[in-house]
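Remarks on the structure that follows.
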Ligand SMILES: [Zn+2]
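In this note's numbering, the protein residues as written are 134 to 752.
Structure, rendered in structure tokens:
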């Protein structure tokens, strides 16, 4: 075997760049590879600590040809691992001539330094060939310049105003960041000379599409140090991406994106990556979570165009854009409302009948009387209401009479209003096929002869908007709101129902959230007027109202503490700038993610790992 042949047999294909690099540069510099400390297969184990099924995307290929006639001993110097068939191979590794040709991979565990050189040794028949390798370390450093471990930690977008002082603008070696979510890149490349090098950082979607990229300049004060970039701040929307004064430091991402640093050394392109948040099957505070929405866009009247857009298709497109915007905001808490294209959106007529309210607002008991109703033209037998009957008792009597005529009648009890005597109750009346039944008074008689306990028939009339709740009825909602929600929403407590209306009657607000009240019959529902939607990305009304539901929190922090107008849950700011009301605090994220603060079942794991999904299917 000649030496010339032996050198040629060693093909170090560290990356795709090898094929594109000029032949001379490959020959002149040792094959270079990156210290593979990320987690390309997202299995929670660092790639270069994995024993089997090791991801080989950052490994160098080593071909041992079949021309050897005596056993070949493969050994390594420095921080290198030998892999065979994707498994860690013990070194020295002895290959018999019958096992050749053999395809091995080399993986770096430590960077090359002045005092540590990496090499692979092939010994056979008394002759040893030594091929040097060059290993470069690309590390993500946290706000305190500590290396992040991609296999167990994740990146997250900032909760600070993008252009504020908590993003350091300098690149001094020891500078730290007050915002704990900022990070920087450190590169250890012993072949690099001088005090600056260039790299790139990019974000790609779960589908592998490039979202955003930044050129990075990394510097060092003296050549004994590794190179460090400025701090990078992750942001969720284009307003923050384009914020003034942070050019080159704000990278746009979405939930579960990959953030990759790409660097070229000696003609070899190399990379290391971290993901946004953690996989959904984990329990950590940054594991990805999803809340599911069901959206109803009302028509002004039966058959009329929807209250937003010009037709059904444009209304649906507007809602999808709103959901995308809410996703960008709630990315701060690693929460998504799912792919906007997959959210169920229904264009609905305002419900006109099939709803009976007993003792609305006042919750007064019966003094005694007779209720006479007609449903779909059928006169019901008179319903006698004894003195002292509570609203719920009366509602059950009505429901029973309706069921006797073949209708489906659902009774719900409302929370007591502030000055109410007791709880009121509602009945939703449907035909067998699920459509709302037409309920009215029997001809020639009043609905009820009871002088105290009122029986009212509901109708949602958007002509004057939806009557909004006031301080008295906040817990129960108005009759019109309850009818809208109870007739259209499903019973699934794990979804948040969202109703888009034209306006609120008294114009006192643009959105309302019905949070899961302990005894409330309606919860996890949001009503938004179209003005709130028109101010998307200045008011973030949908994201704000969803915040009340997720945090199970009716109050605004500026009602109880100092005014912080940059917060999403602040209620009195609508600036469409980087200072707009869009930030969530770490406390708010814990509240939204905490099972105590979140209506049971609303948040589900998002982007679970394939292995975890298989495991849950198995049992
Ligand atoms: Zn609010």
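Backbone N, C-alpha and C fix where the C-beta goes; we use that ideal spot for every residue, glycine too.
Residue i Cβ short of 8 angstroms to ligand 1 heavy atom set
i: residue 644; result: yes
i: residue 702; result: yes
i: residue 678; result: yes
i: residue 639; result: no
i: residue 267; result: no
i: residue 88; result: In the structure as shown, the chain starts at 134 and stops at 752, and residue 88 therefore has no counterpart that could be examined.
i: residue 345; result: no
i: residue 486; result: no
i: residue 306; result: no
i: residue 371; result: no
i: residue 681; result: yes
Cβ distance (whole Å) where residue i is taken to contact residue j below 8 angstroms
i: residue 260; j: residue 211; result: That pair is no contact at about 22 angstroms.
i: residue 409; j: residue 384; result: No, residue 409 and residue 384 are not in contact; Cβ-Cβ is about 10 angstroms, not under 8 angstroms.
i: residue 266; j: residue 193; result: 7 angstroms
i: residue 524; j: residue 491; result: 4 angstroms
i: residue 711; j: residue 682; result: Not quite, the Cβ-Cβ distance comes to about 26 angstroms (not below 8 angstroms), so this is no contact.
i: residue 608; j: residue 548; result: 4 angstroms
i: residue 171; j: residue 406; result: 5 angstroms
i: residue 274; j: residue 280; result: 6 angstroms
i: residue 684; j: residue 724; result: 5 angstroms
i: residue 465; j: residue 167; result: Not quite, the Cβ-Cβ distance comes to about 31 angstroms (not below 8 angstroms), so this is no contact.
i: residue 513; j: residue 529; result: Going by Cβ atoms, the distance from residue 513 to residue 529 rounds to 14 angstroms, so no, they are not a contact pair.
i: residue 758; j: residue 263; result: Within the shown structure, residues of the chain are numbered from 134 to 752, placing residue 758 beyond reach of any answer.
i: residue 623; j: residue 564; result: About 17 angstroms separates the two Cβ atoms, so there is no contact after all.
Sequence-distant residues of its chain with Cβ nearer than 6 angstroms to residue i (five each side left out)
i: residue 307; result: none
i: residue 427; result: 477, 628, 630
i: residue 453; result: 473
i: residue 597; result: 638
i: residue 314; result: 289, 291
i: residue 435; result: 482
i: residue 160; result: Note on residue 160: pLDDT 39, under 50, position unreliable in the model; the coordinate value appears next. There are no such residues.
i: residue 573; result: 507
i: residue 460; result: 469, 470
i: residue 158; result: Reliability fails at residue 158, whose pLDDT of 33 lies under 50, so the model's placement of it is uncertain and no value is given.
Sequence-distant residues of its chain with Cβ nearer than 7 angstroms to residue i (five each side left out)
i: residue 701; result: 462, 673, 676, 677, 680, 714, 715, 716, 717
i: residue 448; result: 430, 439, 441, 442, 480
i: residue 742; result: 175, 412, 414
i: residue 285; result: 177
i: residue 552; result: 605
i: residue 228; result: 197, 204, 205, 207, 235
i: residue 188; result: 173, 174, 180
i: residue 376; result: 295, 296, 383, 711
i: residue 202; result: 230
Cut-off 8 angstroms between Cβ atoms - residues of its own chain near residue i, not counting five sequence neighbours on either side
i: residue 737; result: 413, 422, 423, 424, 425, 627
i: residue 734; result: 626, 627
i: residue 351; result: 304, 318, 319, 320, 329, 330, 331, 332, 360, 361, 362
i: residue 276; result: 309, 310, 311, 312, 313, 314, 315, 316, 364
i: residue 119; result: The shown model of the chain, from 134 to 752, leaves out residue 119, and the question about it has no answer.
i: residue 134; result: Any reading at residue 134 must be qualified, since the residue scores a pLDDT of 33, below 50, and its modelled position is unreliable; the value itself is stated next. Taken in chain order, the residues that qualify are 200, 201, 257, 258, 260.
i: residue 719; result: 292
i: residue 703; result: 689, 690, 691, 696, 697, 714
Residue i beta carbon near ligand 3 (any heavy atom closer than 8 angstroms)
i: residue 557; result: This structure simply doesn't include ligand 3; it includes ligand 1 instead.
Report yes or no: do three or more beta-carbon pairs, one from the region 469 to 479 and one from the region 490 to 500, lie closer than 8 angstroms? no
Does the count of Cβ pairs from the region 390 to 401 and the region 590 to 599 closer than 8 angstroms reach three? No contact exists between the region 390 to 401 and the region 590 to 599.
Segment contact, 8 angstroms Cβ cut-off, at least three pairs: the region 572 to 584 with the region 503 to 516: yes
Pair every Cβ in the region 601 to 608 with every Cβ in the region 636 to 649, then say whether three or more of these pairs are closer than 8 angstroms. Counting Cβ pairs under 8 angstroms, three or more are found: they touch.
Across the region 217 to 236 and the region 186 to 206, are there enough close Cβ pairs to call them in contact, namely three or more that are closer than 8 angstroms? yes
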